[in-house]
Amino acid sequence: MDCVFCAEFASTGDGSRIIVEDGGWLLLPTVGCFAPGYCLFMPLDHVDAAADLHPNELVRVEPAVERMRARIESVFGPTILAEHGSRDCQLGASCCTHCHLHLVPVPDPDAVTAVYQATGGDGKALQGLADLASTAEGPYLDLSPRPGQHLFWPADSRFARQYVRRVCAQLHGVADQYDWRGHPFSHNQRLTADILRGVFEQQTA
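Right, here's the structure in full:
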């Protein structure tokens with residue numbers, strides 16, 4: 021199966037979007053970066069969804085995810101973590117079959133939670149990413165409004181495609197520009213990459 025992300029990660033050159041690698045996972049600004057700081061955190065090796073990983077791998081990667089969130093928050097403010105578990109693109113799950121965790125700066129993380137819960141009910145509280153492996157039986161949505169808090173919903177027709185993007189774009193006042201296909205926000209991609217590369221360089225200096 022062809023994967024645009026695998027092809028991108030295999031290429032080298034000055035045009036790479038990759039900001040940093042941490043334990044085989046990559047941080048990069050998303051296409052459709054409607055909010056500066058909006059990034060994806062993705063495994064270098066292809067896997068459809070985080071729930072497909074072994075629980076031990078999820079335990080290992082969760083601190084890395086939170087390091088990424090902390091760096092983004094240090095510049096861009098409160099940041100939610102979300103995943104559309106890729107199993108059926110038509111059921112509120114991801115449209116790209118390469119696991120990608122959304123890290124989205126938002127004015128109010130609790131407002132994101134409120135919209136999710138208004139759509140799908142309270143959701144199931146998880147202890148962390150590792151619980152995904154035993155909880156997900158099909159397409160799903162995972163939302164972490166802050167470190168240490170994860171909520172899970174099985175995806176169904178109540179959750180529209182690109183759901184987290186729709187919700188967060190509305191909070192940023194660009195509800196009609198949620199779709200990355202028509203609104204790449206290239207300037208914000210470059211800005212996000214430049215700023216966060218500087219943040220990581222300072223951390224390692």
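FYI, in this note's numbering the residues of the sequence shown are 21 to 225.
Glycine included, C-beta positions come from ideal geometry on N, C-alpha and C.
Check: Quick one: what's got a C-beta closer than 7 Å to P127's C-beta in the same chain, skipping five residues either side?
Finding: For P127, where only same-chain residues beyond five positions count, the Cβ hits under 7 Å are L191.
Note to self: Pull the bridge partners of D65 from the DSSP assignment, please.
What the structure shows: According to DSSP, which records beta bridges pairwise, D65 is partnered with nothing at all.
Margin query: What would DSSP say about S164, mapped onto helix, strand or coil?
Written below: DSSP, reduced to helix, strand and coil, places S164 within a strand of the structure shown.
Next item on the list: Just confirm the distance between the C-beta atoms of V124 and C188, as a whole number of angstroms; I'd bet it's less than 8 Å.
Entry: Taking 8 Å as the upper bound for CB-CB distance, V124 and C188 are in contact here, some 5 Å apart.
Note to self: Once the 5 residues before and after I100 are set aside, which same chain residues still bring their CB inside 7 Å of it?
What the structure shows: Only residues of its own chain outside the window of five on either side were considered, and among them V124, V126, P129, V132, L163, S164 and P165 have a CB closer than 7 Å to the CB of I100, listed in chain order.
Next item on the list: Please name the residue, chosen from Y198, C119 and F172, that lies closest to S154 on a Cα-to-Cα basis.
Entry: Looking at the Cα atoms, F172 is the closest of the given residues.
Notebook entry, point to check: Considering only C-alpha positions, which residue in the set W200, S177 and A175 is nearest to R186?
Noted result: Ranking W200, S177 and A175 by Cα distance to R186 puts W200 first.
Checklist line | Straight-line gap, E28 to R37 (C-alpha atoms, nearest Å) | finding: Cα to Cα, the separation comes out at about 9 Å.
Item checked: Of the listed residues D72, E93, L73 and D42, nearest to T212 (C-alpha basis) -> Out of D72, E93, L73 and D42, E93 has the C-alpha closest to the C-alpha of T212.
Next item on the list: Using three-state DSSP, classify L73 as helix, strand or coil.
Entry: Looking at L73 - three-state DSSP - the assignment turns out to be coil, as it is neither helix nor strand.
Next item on the list: Classify Q209 as helix, strand or coil using the three-state DSSP reduction.
Entry: Here DSSP, grouped into helix, strand and coil, assigns Q209 to helix.
Note to self: Less than 7 Å between the beta carbons of P75 and A150, yes or no?
What the structure shows: Cβ atoms of P75 and A150: closer than 7 Å.
Margin query: Do P174 and C119 have their beta-carbon atoms positioned less than 7 Å apart in this structure?
Written below: Taking 7 Å as the Cβ cut-off, C119 and P174 do not qualify as a contacting pair.
Next item on the list: Could you pull the start and end residues of the alpha helix (DSSP H) that D130 belongs to?
Entry: Where D130 is concerned, the enclosing alpha helix (DSSP H) stretches over P129 to G140.
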